[in-house]
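A.B. asks:
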Amino acid sequence: MFKRRHYLALGAVTLVTALLLSLPSRAASHLKLGIGGLFLPLFGAVNTVRQLPGRAADTFLPRDELLKEIQSLRRENQQLKTQNLQAAATARENDQLRALVGWQRQQPWKLKLASVVLRDPANWWRTIQIDLGRRDGLVENLPVLTSDGLVGRVLSVGYTRSQVVLIGDPNCRVSARVLNPAHDMGIISPGGPLENSLVDLVYLSGNANLKPGQEVVTSGEGGIFPPGIPVGQIVDSRQAEFGLYTEARVKLSANPGALEQVWVLFPSPALD
Amino acid sequence: MNLFKSVLILAAAFLAVFAEAAFQLPRHLSGAQVDLLPALMIYAALNTNIVTVSLLAALGGLWFDSLSANPLGVSILPLFAVGFPICLRRDLVLRELPFAQVVLGAAASAAVPALCVLLLLTGGQEPLLGWGSLWQWLVMIAGGAVATPVLFALFDRCHHALGYPPRTETSFRPDREIRRGRQ
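Heads up: the sequence lines are chains A and B, in that order. So that you can map any letter, position 69 of the first sequence is 120 in our numbering, and since no number is skipped, the others follow by simple counting. So that you can map any letter, position 35 of the second sequence is 625 in our numbering, and since no number is skipped, the others follow by simple counting.
See below:
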């Protein structure tokens with residue numbers, strides 16, 4: 052039944068697998084990104100295909116509608132400028148107060164826009180690939196977010212693209228705080244494999260007073276995510292481990308299933 | 591060895607892995623992404639030799655893991671574990687029958703992710719698993735079962751269109767010719 056070629060093939064495949072699995076994590080990560088680079092020529096083709104319907108729709112969009120949209124955007128821009136002035140004044144006041152109290156000055160966020168190019172083909176991980184890499188100044192563990200809220204963190208960095216692990220993946224746990232009077236703190240952990248936008252907030256204190264709709268933000272503990280980034284809203288809560296602690300389900304603010312563009316948050320001194 | 595068939599299978603595996611990462615329609619519709627590599631492995635095991643099966647397992651697994659958060663190389667053994675026994679016993683399989691293709695595709699699509707997750711758990715990894723994973727597994731099995739006969743038909747068409755036609759021998763034998771008429 053077994054021919055010599057079969058023995059050789061079995062041995063070769065087993066050897067290759069053993070070698071690959073025993074590689075140091077850094078070497079494996081580099082090799083992985085190198086092999087993934089083979090798909091680079093296909094990224095452009097897919098982007099072009101994705102943009103085609105949009106471009107075709109743009110061609111047939113009436114001029115009136117475009118003018119209306121421009122007007123609405125101008126109005127929105129004016130409002131945002133006013134809000135920005137107000138925010139700048141508040142930030143200045145905050146800085147002055149911090150200086151008076153002797154607290155360290157808060158650094159403003161520096162963001163870089165990235166496009167989502169690929170998603171994890173395996174059903175048991177939640178990662179995406181973005182089109183920013185080492186050449187754009189990315190390093191591991193930078194927070195990734197959208198205008199709605201936190202998305203995840205950079206897992207590994209290649210020269211032109213990076214892998215981002217999303218909230219809800221077992222490799223992305225986030226220390227979070229509920230915006231309630233008690234400021235209950237817990238850890239964001241994965242929800243179910245099918246519930247893309249629901250995660251669990253675990254290890255909340257046993258007497259935590261949680262109500263549906265309460266906001267959950269990053270607590271800033273753990274050193275990766277700065278405090279105050281919106282994560283989601285409480286859906287419901289229950290007692291766990293015989294009342295030892297409370298668990299809550301959180302609906303994520305940013306929908307991980309519909310990500311097209313994300314912001315990578317840089318620590319301020321890195322870009323200065 | 592039919593090199594053209596092997597190259598075609600490897601190119602299809604490359605495109606399949608990319609398509610799984612780039613196009614999310616199955617995931618949006620059913621909550622799970624369908625894996626086409628097991629179906630390709632069935633085709634390769636029934637129609638090519640052990641070298642192509644090994645190459646498909648190694649390269650397909652590497653490509654898949656490079657776009658995934660899997661540790662590099664973890665998908666190679668499950669793919670090979672499906673292709674190897676079928677390649678050994680392929681004389682016993684009625685490969686032309688769509689029913690056989692569907693059954694083998696479903697079995698391979700069930701075995702590959704299960705073995706992959708088993709390897710991950712053995713290696714101390716913590717993949718995202720739960721009751722919903724059963725649904726995802728069923729979707730993958732159904733997807734693989736449907737994809738296998740489709741792939742067989744597609745590859746056969748490609749092979750007929752692009753490959754060399756099989757050399758047919760004439761039944762005429764000069765030594766058996768009946769000579770008629772006057773010499």
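Beta carbons are placed, not taken as given, at the ideal position from N, Cα and C, and that holds for glycine.
Confirm, please, whether the CB-CB distance from Ala-309 (chain A) to Val-253 (chain A) is below 9 Å.
C.D. replies: Result no, Cβ atoms of Val-253 (chain A) and Ala-309 (chain A) do not sit closer than 9 Å.
A.B. asks: Starting from the beta carbon of Val-216 (chain A), find every residue of chain B whose beta carbon is closer than 9 Å, and list them in chain order.
C.D. replies: In chain order: Ala-659.
A.B. asks: For Ser-654 (chain B), count neighbouring Cβ atoms within 10 angstroms of its own Cβ and tell me buried if that reaches 16, exposed if not.
C.D. replies: Note that residue 654 (chain B) is Phe in the sequence shown here, rather than Ser. Flag for Phe-654 (chain B) reads buried.
A.B. asks: Counting contacts by CB-CB distance shorter than 9 Å, is Glu-127 (chain A) in contact with chain B?
C.D. replies: By this cut-off, Glu-127 (chain A) is not an interface position.
A.B. asks: Can you name the residues of chain A whose CB is closer than 9 Å to the CB of Leu-684 (chain B)?
C.D. replies: Correct list: empty, because the minimum Cβ distance to chain A is about 19 Å.
A.B. asks: Give a yes or no on contact between the stretch 701 to 712 of chain B and the stretch 655 to 671 of chain B, applying the rule of three or more CB pairs nearer than 8 Å.
C.D. replies: Contact between the stretch 701 to 712 of chain B and the stretch 655 to 671 of chain B is present, because at least three Cβ pairs lie under 8 Å.
A.B. asks: Considering only the beta carbon of each residue, do Leu-295 (chain A) and Leu-652 (chain B) sit closer than 9 Å?
C.D. replies: No; because the gap between Cβ atoms is not below 9 Å, this pair is not in contact.
A.B. asks: What are the residues in the stretch 196 to 221 of chain A lying within 8 Å of chain B by C-beta distance?
C.D. replies: So the close ones are Leu-206, Gln-214, Val-216, Gly-219, Asp-220, Pro-221.
A.B. asks: Indicate the three-state DSSP secondary structure (helix, strand or coil) for Glu-120 (chain A) in the structure shown.
C.D. replies: In this structure, Glu-120 (chain A) counts as helix in the three-state DSSP scheme.
A.B. asks: Rank A:Gly-283, A:Ile-179, A:Leu-261 by C-alpha distance to the C-alpha of Ala-289 (chain A) and give the top, closest one.
C.D. replies: Checking the sequence, you will find Arg at residue 289 (chain A) rather than Ala. The residue with the shortest Cα to Cα distance from Arg-289 (chain A) is A:Leu-261.
A.B. asks: With H, G and I counted as helix, E and B as strand and the rest as coil, what does DSSP make of Ile-239 (chain A)?
C.D. replies: Of the three classes helix, strand and coil, the one that applies to Ile-239 (chain A) here is strand, per DSSP.
A.B. asks: Can you give the beta carbon distance from Ala-612 (chain B) to Leu-169 (chain A), rounded, assuming they're within the 8 Å contact cut?
C.D. replies: Correct: roughly 6 Å between the Cβ atoms.
A.B. asks: What did DSSP end up calling Asn-102 (chain A) once you bin it into helix, strand or coil?
C.D. replies: One point to set straight first is that residue 102 (chain A) is Gln, not Asn, in the sequence displayed. Three-state DSSP puts Gln-102 (chain A) in a helix.
A.B. asks: Less than 9 Å between the C-beta atoms of Phe-674 (chain B) and Ile-640 (chain B), yes or no?
C.D. replies: Yes, these two residues count as a Cβ contact at 9 Å.
A.B. asks: Report buried or exposed for Asn-247 (chain A), applying the criterion of at least 16 other Cβ atoms within 10 angstroms of its Cβ.
C.D. replies: Buried, because 16 or more other Cβ atoms sit within 10 Å of the Cβ of Asn-247 (chain A).
A.B. asks: Please classify Leu-849 (chain B) as buried or exposed, where buried requires at least 16 neighbouring CB atoms within 10 angstroms.
C.D. replies: This structure cannot speak to residue 849 (chain B), because chain B is shown only from 591 to 773.
A.B. asks: Pick out the complete alpha helix (DSSP H) segments inside the stretch 744 to 773 of chain B, 4 residues or longer, and give them in chain order.
C.D. replies: DSSP runs (the alpha helix (DSSP H)) wholly in the stretch 744 to 773 of chain B: none.
A.B. asks: Counting only beta-carbon separations shorter than 9 Å, does Arg-617 (chain B) have a partner in chain A?
C.D. replies: Chain A contact via Cβ: present.
A.B. asks: Against Val-607 (chain B), what residues of chain A qualify as contacts under a CB-to-CB distance less than 7 Å, listed in chain order?
C.D. replies: The contacting residues are Pro-172.
A.B. asks: Can you tell me which residues form a DSSP beta bridge with Arg-204 (chain A)?
C.D. replies: A:Pro-194, A:Val-216.
A.B. asks: From what residue to what residue does the alpha helix (DSSP H) around Lys-161 (chain A) run?
C.D. replies: That residue, Lys-161 (chain A), is in no alpha helix (DSSP H); its beta strand (DSSP E) goes 161 to 170.
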